[in-house]
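Undergrad: Numbering (UniProt numbering), first residue to last: 1 to 767.
Got a structure for you, written out below as structure tokens; questions coming shortly.
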């Protein structure tokens with residue numbers, strides 16, 4: 001949803017914001033697999049942005065879900081670039097149809113929260129292009145965004161905001177991007193290098209420090225004035241295209257709330273339904289248990305938090321649904337810890353009911369911007385409650401909320417499991433409609449649910465070491481790994497149950513299109529997501545067994561059949577050839593599979609495709625893990641061969657002096673007690689907040705921030721020279737650094753006055 005702050009802005013966007021519709025999060029919407037729904041949502045976002053005078057909406061976010069532990073996965077669409085790209089493009093088209101610029105983010109390879117402003121994502125070129133850029137490619141080519149936000153991190157040693165290959169060669173020259181690029185907040189490293197590479201806008205404003213750096217670079221010949229003019233022209237082109245009329249009307253609060261419910265209904269995923277316990281009949285006697293039933297978890301945490309126009313609780317929705325609600329008990333403490341009386345009261349209530357509706361989930365602390373999850377588990381007190389309640393009444397329906405997968409060793413303790421992800425302000429009503437059968441669930445998982453965290457391909461390299469994050473798994477993320485390496489999972493990518501049944505018949509395939517007939521063979525109306533996967537046997541190029549290359553959401557009445565046609569675009573058979581530096585097609589026999597998930601394949605056939613090249617790219621003997629897909633434990637030699645260069649050092653050099661690009665998290669080995677004291681204070685504040693169950697995102701931001709961020713995030717109170725003086729102090733040169741800090745303050749003020757005078761004089765000349 002939209003988040004415009006009511007008062008002064010802060011660097012994380014944590015201050016109070018104006019009321020806006022809290023729609024389902026991106027991870028939730030991706031479960032709809034419905035591009036039209038995504039575009040409708042985008043239009044409403046655009047309307048709300050225009051109504052509040054916002055000309056650039058900072059989203060959608062389409063980073064790949066490399067690991068289920070990434071604290072911000074709730075904000076990202078999928079583990080699959082095709083699904084993520086298609087949904088993002090739909091959002092963008094909708095947003096920009098209202099005269100507001102969309103700003104997809106974070107470009108690129110930003111897949112964790114820990115040290116995100118400092119870390120170096122180390123990966124091979126093919127994985128980079130096929131997995132981590134393809135979603136952005138689709139979003140840019142099909143959505144045509146007017147802006148894009150670069151990520152904080154380095155990519156193979158170069159900061160994303162300074163990566164000319166990324167921002168000009170690929171984004172502009174190859175994909176045809178015609179908008180402007182903006183840094184993430186405080187994400188600019190060197191403003192001059194960034195401008196040359198293609199970064200137009202630095203956020204937030206630095207009080208003129210960066211402007212003075214650019215002017216000095218032009219005077220000294222390090223920066224061409226032509227490049228400055230080019231970036232200004234490119235930025236102004238977008239500025240003039242996003243003029244919002246002053247008379248823009250307020251948005252229709254009730255209509256937007258109704259759509260939020262409609263959207264949430266399309267995203268709910270039925271994961272288990274033993275004995276067809278669901279849907280519940282009208283008048284069914286239910287016990288409502290769980291803290292989340294009264295205080296819903298309906299959105300993410302961090303800079304994306306929306307101030308909802310309305311908020312409906314699950315308990316309220318259930319009481320209005322036609323069910324007989326016998327009572328409510330919280331049953332557990334939201335943020336962990338035992339409470340015997342709460343649990344006992346819940347068990348006694350469960351004994352009275354025909355069915356128990358047990359609301360469990362991940363709380364706001366376990367997944368949030370600024371920190372990654374420690375494990376894939378839900379809190380122990382929730383599992384204890386489930387075990388106790390199911391012993392008293394076996395008819396337990398678990399209603400789960402959260403933005404990422406969890407381990408489910410407790411699955412046999414419930415007869416049904418329904419996942420609403422983070423359904424927004426109207427998600428509770430949507431869930432009640434699904435539980436009672438007023439709505440047939442049609443959500444399908446945008447990501448795999450593994451059995452254990454240790455089964456995930458990146459578990460040994462997430463969140464990386466101190467300096468680097470090594471993407472040793474290559475292109476095998478999510479289902480690409482599980483299906484190729486034959487690793488069993490709890491719920492596969494694309495999975496979701498329905499209250500009706502579907503039949504697939506009549507498959508025909510060309511290299512341009514997949515056609516089939518889909519029939520609703522059940523007694524209820526419903527929607528199926530038809531998914532197309534493409535794989536190649538005996539490939540000379542290592543690749544996953546199958547990859548998603550198309551999908552369609554199809555709505556059918558009972559007994560109805562429809563012809564379904566799904567196009568195969570230029571991405572259906574391609575791979576990135578590291579020798580030619582471009583996408584190619586390997587000629588040969590491809591298997592095209594159609595199913596309701598990556599595992600439940602209903603129809604398949606083979607097709608021969610003409611190729612361009614493939615021979616002699618990889619040595620199967622050296623890259624054996626990548627040819628087998630068993631990449632959970634790739635050794636140094638094999639990964640280095642894949643990279644095509646030495647693996648960079650992963651650890652901080654504790655003997656070297658700290659630099660502007662080192663972080664506050666590194667002050668534990670500072671040469672001077674001042675730095676170590678700062679580290680102890682920050683660590684104490686961080687740990688104290690987490691123990692209280694309320695992580696301080698500002699402290700987390702500072703803890704993971706490079707020292708240069710002091711100059712970038714303080715609105716001009718300090719400049720880069722003063723930040724360098726601070727580093728001098730941390731390196732043991734207290735008096736020298738303090739002198740430079742004080743002297744820098746006066747020099748900065750003098751430079752600001754001189755700059756203001758020159759701007760005023762220049763303004764007079766143009767009047």
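Glycine included, each C-beta is placed from N, C-alpha and C at the ideal position.
Entirely within the stretch 306-389 and at least 4 residues each: give me those alpha helix (DSSP H) ranges in chain order.
TA: Fully enclosed alpha helix (DSSP H) runs of 4 or longer: 314-319, 340-352.
Undergrad: Following the continuous beta strand (DSSP E) through residue 520, name the residue where it begins and the one where it ends.
TA: Along the chain shown, one-based indexing puts residue 520 at 520. From DSSP, the beta strand (DSSP E) with residue 520 extends over 513-520.
Undergrad: With respect to the beta strand (DSSP E) encompassing residue 238, which residues constitute its N-terminal and C-terminal limits?
TA: As a working mapping, residue 238 is identified with position 238 in the chain shown. Unbroken run through residue 238 is the alpha helix (DSSP H), 225-241; no beta strand (DSSP E).
Undergrad: Do you know how far the Cα of residue 134 is from the Cα of residue 37?
TA: Numbered from 1 along the chain shown, position 37 holds the residue referred to as residue 37. Numbered from 1 along the chain shown, position 134 holds the residue referred to as residue 134. Those two C-alpha atoms are separated by around 22 Å.
Undergrad: Can you tell me whether residue 706 is helix, strand or coil according to DSSP?
TA: What you label residue 706 is simply residue 706 of the chain shown in a count that begins at 1. Three-state DSSP puts residue 706 in a strand.
Undergrad: Can you list, in chain order, the residues of its chain whose CB lies under 7 Å from that of residue 127, leaving out five sequence neighbours each side?
TA: Reading the chain shown from its first residue, position 127 is the one you call residue 127. Here the set comprises 471, 474, 475.
Undergrad: Considering only residues of the same chain and omitting the five flanking positions on each side of residue 809, which have a CB-CB separation below 7 Å?
TA: Any question about residue 809 goes unanswered here, given that the chain covers just 1 to 767.
Undergrad: Out of 349, 316, 362, which has the shortest C-alpha to C-alpha gap to residue 334?
TA: Here the question's residue 334 lines up with position 334 in the chain shown. That would be 362, whose Cα lies nearest to the Cα of residue 334.
Undergrad: Measuring alpha carbon to alpha carbon, tell me which of 338, 605, 543, 554 ends up nearest residue 503.
TA: Mapped onto the chain shown, residue 503 falls at position 503. Nearest option by C-alpha distance: 554.
Undergrad: For the structure I just gave you, are there three or more beta carbon pairs, one from the stretch 610-618 and one from the stretch 515-529, closer than 8 Å?
TA: No: the two stretches stay apart, fewer than three of their Cβ pairs being nearer than 8 Å.
Undergrad: So who's on the other strand from residue 551, going by DSSP bridges?
TA: Counted from its first residue, the chain shown places residue 551 at position 551. Answer is 531, bridged to residue 551.
Undergrad: Can you name, in chain order, every residue of its own chain whose Cβ lies under 8 Å from the Cβ of residue 120, other than the five neighbours on each side?
TA: In the chain shown, the residue the question calls residue 120 occupies position 120. Only 153, 154, 155, 156, 157, 467, 468, 469, 648 meet the Cβ criterion.
Undergrad: Please identify the residue among 327, 220, 167, 293 whose C-alpha is closest to the C-alpha of residue 429.
TA: What you label residue 429 is simply residue 429 of the chain shown in a count that begins at 1. Of the candidates 327, 220, 167, 293, the one whose C-alpha sits nearest the C-alpha of residue 429 is 293.
Undergrad: With distances taken between CB atoms, is the gap from residue 768 to residue 423 smaller than 7 Å?
TA: Residue 768 is absent from the model: the chain starts at 1 and stops at 767.
Undergrad: Could you spell out where the alpha helix (DSSP H) holding residue 626 opens and where it closes?
TA: Position 626 of the chain shown, counted from the start, is the residue given in the question as residue 626. It spans 624-628 - the alpha helix (DSSP H) in which residue 626 sits, taken as one unbroken run.
Undergrad: What separation, rounded to the nearest whole angstrom, lies between the Cα atoms of residue 397 and residue 445?
TA: Walking along the chain shown from the start, residue 397 turns up at place 397. Walking along the chain shown from the start, residue 445 turns up at place 445. If you take the alpha carbons of residue 397 and residue 445, they lie about 19 Å apart.
Undergrad: Using the C-alpha atoms, what's the distance from residue 366 back to residue 406?
TA: To locate residue 406, count along the chain shown from 1; it is residue 406. To locate residue 366, count along the chain shown from 1; it is residue 366. Computed Cα separation, rounded: 11 Å.
Undergrad: What's the gap between the Cα of residue 483 and the Cα of residue 449?
TA: Numbered from 1 along the chain shown, position 483 holds the residue referred to as residue 483. Numbered from 1 along the chain shown, position 449 holds the residue referred to as residue 449. Computed Cα separation, rounded: 13 Å.
Undergrad: So, at 8 Å on beta carbons, what are the nonlocal neighbours of residue 624 in its own chain, with the 5 sequence-adjacent residues on each side left out?
TA: Residue mapping note: residue 624 aligns to position 624 of the chain shown, counting from 1. Cβ within range, chain order: 638.
Undergrad: Could you check if residue 266 is buried or exposed, using at least 16 other CB atoms within 10 Å of its CB as the buried criterion?
TA: Here residue 266 corresponds to residue number 266 of the chain shown, with the count starting at 1. Counting Cβ neighbours within 10 Å, residue 266 comes out buried, since at least 16 surround it.
Undergrad: In chain order, what are the residue ranges of uninterrupted alpha helix (DSSP H) at least 4 long that sit wholly in the stretch 671-739?
TA: The stretch 671-739 contains these whole alpha helix (DSSP H) runs: 673-692, 697-703, 709-713, 720-730.
Undergrad: Quick one: Cα of residue 51 to Cα of residue 538, how far?
TA: Position 51 of the chain shown, counting from 1, holds the residue named residue 51. Position 538 of the chain shown, counting from 1, holds the residue named residue 538. Answer to the nearest angstrom: the Cα atoms are 56 Å apart.
Undergrad: Please report the straight-line C-alpha distance between residue 575 and residue 331, rounded to a whole angstrom.
TA: Taking the first residue of the chain shown as position 1, residue 575 is located at position 575. Taking the first residue of the chain shown as position 1, residue 331 is located at position 331. Answer to the nearest angstrom: the Cα atoms are 51 Å apart.
Undergrad: Assign residue 536 to one of three DSSP states: helix, strand, or coil.
TA: Residue 536 sits at position 536 when you count from the first residue of the chain shown. Three-state DSSP puts residue 536 in a strand.
Undergrad: Output the distance between the C-alpha atoms of residue 832 and residue 326, rounded to the nearest integer angstrom.
TA: The chain is shown only over 1 to 767; residue 832 falls outside these bounds and no answer can be derived.
Undergrad: Can you give me the C-alpha to C-alpha distance between residue 434 and residue 440, rounded to a whole angstrom?
TA: As a working mapping, residue 434 is identified with position 434 in the chain shown. As a working mapping, residue 440 is identified with position 440 in the chain shown. In a straight line, the C-alpha of residue 434 is about 6 Å away from that of residue 440.
Undergrad: How would you call residue 508, buried or exposed, if buried means at least 16 neighbouring beta carbons within 10 angstroms?
TA: Here residue 508 refers to the residue found at position 508 of the chain shown. Residue 508 comes out exposed.
Undergrad: Give me, in chain order, the residues of the same chain whose beta-carbon lies closer than 7 Å to that of residue 269; leave out the 5 immediate sequence neighbours on both sides.
TA: Taking the first residue of the chain shown as position 1, residue 269 is located at position 269. Hits under 7 Å: 31, 419, 441, 443, 444, 445, 496.
Undergrad: With a cut-off of 8 Å, do at least 3 Cβ pairs link the stretch 221-238 to the stretch 730-746?
TA: Counting Cβ pairs under 8 Å, fewer than three are found: no touch.
Undergrad: Given this structure, state the Cα-to-Cα distance separating residue 533 from residue 552, to the nearest angstrom.
TA: Position 533 of the chain shown, counted from the first residue, corresponds to residue 533. Position 552 of the chain shown, counted from the first residue, corresponds to residue 552. Rounded to the nearest angstrom, the two C-alpha atoms are 12 Å apart.
Undergrad: Please look up how many angstroms separate the CB atoms of residue 77 and residue 27, rounded, as I've assumed it's under 8 Å.
TA: Along the chain shown, read from residue 1 onward, the residue named residue 77 stands at position 77. Along the chain shown, read from residue 1 onward, the residue named residue 27 stands at position 27. Contact holds; Cβ gap of about 7 Å.
Undergrad: Have a look at residue 712 and residue 673 and give me their C-alpha separation to the nearest angstrom.
TA: Here residue 712 refers to the residue found at position 712 of the chain shown. Here residue 673 refers to the residue found at position 673 of the chain shown. Near 25 Å, if we compare the C-alpha coordinates of residue 673 and residue 712.
Undergrad: May I ask you to report which of helix, strand or coil DSSP gives residue 399?
TA: The count along the chain shown starts at 1 and reaches residue 399 at position 399. Correct three-state label for residue 399: strand.
Undergrad: Please state the DSSP three-state secondary structure of residue 154.
TA: Counting from 1 along the chain shown, the entry for residue 154 is found at position 154. Residue 154: strand per DSSP, three-state reduction.
Undergrad: Quick one: what's got a C-beta closer than 8 Å to residue 617's C-beta in the same chain, skipping five residues either side?
TA: The residue you call residue 617 lines up with position 617 of the chain shown. Hits under 8 Å: 540, 541, 577, 578, 579.
Undergrad: For the stretch 283-298 against the stretch 349-358, do three or more pairs of beta-carbon atoms, one drawn from each stretch, fall closer than 8 Å, so that the two count as touching?
TA: Cβ pair count under 8 Å is three or more, so yes.
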